[in-house]
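Enquirer: Residue numbering for the sequence shown follows this note's numbering, beginning at 53 and increasing consecutively.
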Amino acid sequence: MNTSVDFTYQTDFVLVDEQMFVNWLTGCANLHNATALTLVYAFMDDEALLKLNLKYLNHNTLTDIITFDDTVGKDIVANIAISVTRVRENAAKFDVSFDEELLRVMSHGFLHCLGFQDKTESQIADMRRAEQACIKLFHVEQNKKINV
């Protein structure tokens, strides 16, 4: 599979081991029979993501993630913007570790590219199951913490 995964940082947050995440995302892509993977994850604060939300979606609300999906068939192509601020707050709100919430959000954006939606209760349940499968894959493959 052709794979290109890049990470950009507009905040103090930095992934400690980017290759570990590339391997994980490639595994998630394989799990869903993707034929190619081209992703850019941009990590930023609430203010920067809010600007994108307003500019591209005309939503004046804070969010944890926006996925700009250009996927064609099983060739996954996307730019995914994540608010590290929102991930931290949601981790506390849902009583999970920052690591778990980050994995959930990263997989959530990726899964949208595969056609998973989250508008109805049924879609949300399917999305959560797929997120959990990706998170489990991370822990099985990496068998360690993110250490961020």
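Using N, Cα and C, we set each Cβ at its ideal position, and we do this for glycine too.
(1) Kindly indicate the opening and closing residues of the beta strand (DSSP E) around S135.
(2) Just to check my reading of the structure: D121 and C165 have Cβ atoms closer than 8 Å, yes? What is that Cβ distance to the nearest angstrom?
(3) Considering F73, what are the terminal residues of the beta strand (DSSP E) in which it resides?
(4) Pull the bridge partners of Y61 from the DSSP assignment, please.
(5) Please state whether DSSP places F120 in a helix, a strand or coil.
(6) Rounded C-beta distance between A204 and I128? I'm assuming under 8 Å.
(7) From the DSSP output, in three-state form, read off S56 for me.
(8) Look at the Cβ atom of V157, then the Cβ atom of D116, and state whether they are nearer than 8 Å.
(9) Quick check on T113: buried or exposed, where buried means 16 or more other Cβ atoms within 10 Å of its Cβ?
Expert: Quick answer:
(1) D127 to S135
(2) 5 Å
(3) It is not in any beta strand (DSSP E) - F73 instead sits in the alpha helix (DSSP H) that spans E70 to L83.
(4) DSSP output for Y61 lists F95 as bridge partner(s).
(5) strand
(6) This structure cannot speak to residue 204, because the chain is shown only from 53 to 200.
(7) strand
(8) The answer is yes: Cβ separation under 8 Å.
(9) exposed
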